[in-house]
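A quick write-up on the structure given underneath.
Residue numbers (this note's numbering), protein chains in the order written: chain D, 14 to 107; chain U, 61 to 538; chain P, 496 to 974.
What follows is the structure, encoded as structure tokens:
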């Protein structure tokens, strides 16, 4: 079951800032749920193929044809921070 | 250094030159204003879904076959989850455990030896957007035009043992890929990018040393230089009794050194899982055979054929095949004028020089093979001197006119006026009395020499046939 | 007669004979919204859409529809009832919206839901809960609770919802209406803001089976924009409704009638079985042996996919962006983490965390991969049953609508309320919930019928036969 440290790490992986109360609650919630999910371990699934797609579809393509893109103004309209046609984000330090 | 063996593996990212992106219909073009080649799919807007571009698979299969890879009959896409502003969905659609191809090889020539570099795997993925750092404005800017460009990642085994070999591999790979016409392979535009893993170990050691991952090289030369720097750095580190850190290092082109990305590197946990929005793909034997049929000749095949078919030297052939389009131009020329060796000389000599100074390729010039061979023929026949021929070629490229037109316009036309020619011939006979005497004694084939001398005096403008007649007449009359 | 209390097919009849006009229908809908919306809170926002002056021949022209707030409507806020999508207006229409527009169905508004469809009560919404029209103290079910409540309260003639683990059927059952989860791949997901891509389907919530058949016909069909959409012809579902059900063989899975079921519901379902028997249906007890693993399987797969699907909400392009005052990690990571902290509600965070955990290094095999394998077993159970039987009949939910707040602090008990509906999503099969009675405290009970993939015709046929033999669907809420 995930420890406090693990929950913190998962929070970082998922990019969600969590305060201490939230971490404590999540430790408890995840434990409850994972204990319940534990029942899956009882089944022998060695010879079972995983199902990623429930329909037996395959080879779904589109042809290599150019379709109209959005206009720059249309993109700007939903953009939360915009500068000369680009999305603006806090400086990325490398 | 000699105590160590260098071990290098290369990862090449290749942008495929399809019309549209890998999962949407946005144009796959370079250099447009920011965010004008984007749509809900490549922006990863909520609710949008990817659909796989058929041509991307065709291109990938060509590459797989050219690299002698095993093509997997069942392929799927996976999500690689991580956060970065240039990654619109918070995951990249890539291939994890069932890549399109694996276990291939590419042969490279280093000096006289042929070496096989093994390809571990080649898989498809989508490119990310472009992040431009603007320190002045204290922010970064994101342009998603590049997001969704089809990428093929080609990963070698750690089979490369010197920076020069790495360079040769990249050169050979680029040539093979250019032959397939699946990518621009232009490192400056970013359509071919290369990261390198390098470690060193004591000669004879079985275990690999700790590797550094090198990034940010913008040319094959830079890859070589970065590897050279790094193998020295690692050797010095070990000799100083220190440990090599497993890290990513960036090549600094200005300073010609690699610098550690000191920033606490994330322990990556990409949480790969099968992409539920795309169904799997199967590649059957028939598809493979169909692609194989239309697979263009490889550089090695062309090399061997040219040697046989045109009786060219290995050296000339090697140069000729470096540019697929130039090689095609050569072949077209030989149908107009079956003097392969002469055409080849003119292509890898004057024509290549013209292309070089103009920084362009043969396909962008409007030079017709027939016009080109006319010129070559005129020089062969002595109508034009070599030098004049070169000037005419330059003018042909500048003006799109054929050789004859330029010769007329520039007054390079042959001199056929009898009295002028007679004066020149007399001069030549005076200067070459011995030869003239031989001719008089019946050694007719020496006439050619005097014709040549006379041509020289006229800068190639004289009509050689007429010259011959006049020479004969004058000698008989002496 | 109030037009808004009629079904779509009744209204279509009236429109045809000019006994009603689109304007009159809209007027009655507006009046109902005016009267009931304060109490029910079914909508996130209403859409002021002018009726087109002239019909261009849409067969269902003039019948207002409500749409769940996770289906993209061009230039209209679409937020999944989440703060993180505050102000986001998609630059495109979902395929189903294009199809509704093709039929000239006016959009009444966008309905409330559990944030990103995470929930079974419509309490996890950033605008607050929706109330069950049958008892305002109770939840309407979820996550399509707004759509179900809007239809039940006659604030819309019909509605679209989405169903990932029961999110259409369970609220339909709690609100006494009909809800359909179509076969996976039957309806395009293009423009449906994804919860769990391999499970999500859009479907109708309606007042009766005929309306559900009509509306499914409108939204179903192959879509080249959705790689997982099936290229299978869509039959005219209404034409097979009236076929009789004699000799139809229906399976009763014993696992659905054991622990946890409310005895009152069990009794009502058994009565429904008797009704169908009288119409010539034969019933047989069967086993779906992996039923007890369905909820666990679902929560592993659905949360894993959700954790990835919701990664795009990071404040870079659209919706909410938040930056902490003081630097914590780097300006960029702080922006990601603060945006997602402020933008997501508790249940969304819980599921993203669970899904991230299930996919993370070292746990993938034990959780996600194992979940996918058990999914195969669950699907095989159904395949086997459908070799012999035409349909499977179960209750839709083990309970009737519960009180608002009652399960809010116990995520697991909330998850378990989907126990009967989840399997259909895992197996990809179609399922319908339709009203089959009321509990002693006057709350609706739903009956679920599942059939094999792409056999919605059989599903509708059995449902219609039952509906015509009873009048539960005619019971109307008075508010």
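Just so it is clear, CB atoms sit at the ideal spot from N, CA and C, and this is done for glycine as well. If you're wondering where the values come from, they're calculated on a predicted model, not measured in any experiment.
- Residues 507 of the same chain have their beta carbon placed closer than 7 Å to that of residue 532 of chain U, with the five preceding and five following residues left out of the count.
- Secondary structure note for residue 456 of chain U: its alpha helix (DSSP H) is the uninterrupted segment 446–459.
- Boundaries for residue 557 of chain P: no beta strand (DSSP E) harbours it, and the DSSP string shows neither H nor E there.
- Contact annotation, residue 589 of chain P with residue 687 of chain P: C-beta distance approximately 6 Å; criterion of less than 8 Å satisfied.
- Just measuring C-alpha positions, the residue of P:782, P:847, P:956, P:519 sitting nearest residue 652 of chain P is P:519.
- Residue state for residue 75 of chain U is assigned as strand, using DSSP reduced to three classes.
- Proximity of the stretch 794–808 of chain P to the stretch 747–766 of chain P falls short of the contact definition, fewer than three beta-carbon pairs being nearer than 8 Å.
- The DSSP-derived three-state label of residue 578 of chain P is helix.
- Per DSSP, residue 933 of chain P lies in no alpha helix (DSSP H); the unbroken beta strand (DSSP E) holding it starts and ends at 926–933.
- Contact annotation, residue 913 of chain P with residue 665 of chain P: C-beta distance approximately 7 Å; criterion of less than 8 Å satisfied.
- Within its own chain, the residues whose Cβ lies closer than 6 Å to the Cβ of residue 100 of chain U, once the five positions on either side in sequence are excluded, are 108, listed in chain order.
- Closest by C-alpha distance to residue 133 of chain U, out of U:487, U:342, U:90, is U:342.
- Between the C-alpha atoms of residue 44 of chain D and residue 857 of chain P there is a straight-line separation of about 17 Å.
- Rounded to the nearest angstrom, the gap between the Cα atoms of residue 677 of chain P and residue 586 of chain P is 27 Å.
- The criterion of a C-beta distance shorter than 7 Å is not satisfied by residue 599 of chain P and residue 577 of chain P.
- DSSP places residue 779 of chain P within a strand segment (E or B) once states are collapsed to three.
- With its beta carbon at least 7 Å from every one in chain U, residue 16 of chain D lies outside the interface.
- Counting every other CB atom within 10 Å of its CB across the protein chains shown gives residue 248 of chain U a total below 16, marking it as exposed.
- For the stretch 71–82 of chain D, the residues whose beta carbon sits under 7 Å from a beta carbon of chain U are, in order, 71, 72, 73, 74, 75, 76, 77, 78, 79, 80, 82.
- Every unbroken stretch of the beta strand (DSSP E) spanning 3 or more residues and falling wholly within the stretch 169–254 of chain U is given here in chain order: 173–186, 190–194, 199–203, 210–216.
- Counting only unbroken stretches of 3 or more residues, the beta strand (DSSP E) elements lying wholly within the stretch 726–762 of chain P are 744–748, in sequence order.
- In terms of beta-carbon proximity, residue 308 of chain U stays away from the interface with chain D, with every pair separated by 7 Å or more.
- Of all residues in the stretch 135–153 of chain U, only 139, 141, 143, 145, 148, 149, 150, 151 place a beta-carbon less than 8 Å from a beta-carbon of chain P.
- Within the same chain, 590, 683, 685 come within 8 Å of residue 720 of chain P by CB-CB distance, once the 5 residues on both sides are set aside.
- Within chain U, the residues placing a beta-carbon under 8 Å from that of residue 85 of chain D are 93, 94, 95, 96, ordered along the chain.
- Residues of the stretch 94–128 of chain U with a Cβ closer than 9 Å to any Cβ of chain P, in chain order: 99, 100, 101, 103, 104, 105, 106, 107, 108, 109, 110, 111, 112.
- At a C-beta separation below 8 Å, residue 907 of chain P has these neighbours in chain D: 45, 46, 49.
- Under the Cβ criterion of 7 Å, residue 848 of chain P is counted among the residues facing chain D.
- For residue 151 of chain U, the enclosing beta strand (DSSP E) begins and ends at 151–154.
- Annotation: residue 393 of chain U has no Cβ neighbours in chain D at a cutoff of 8 Å; minimum Cβ distance is about 33 Å.
- For the 7 Å CB-CB criterion, residue 452 of chain U and residue 466 of chain U form a contact.
- Contact of residue 329 of chain U with chain D is assigned, a C-beta pair being separated by under 7 Å.
- Taking 7 Å as the Cβ-Cβ cut-off, the stretch 328–355 of chain U approaches chain P at 329, 331, 333, 336, 337, 338, 339, given in chain order.
- Here the alpha carbon of residue 331 of chain U sits roughly 44 Å from the alpha carbon of residue 779 of chain P.
- Rounded to the nearest angstrom, the gap between the Cα atoms of residue 21 of chain D and residue 31 of chain D is 7 Å.
- In the three-state reduction of the DSSP assignment, residue 328 of chain U falls in the coil class.
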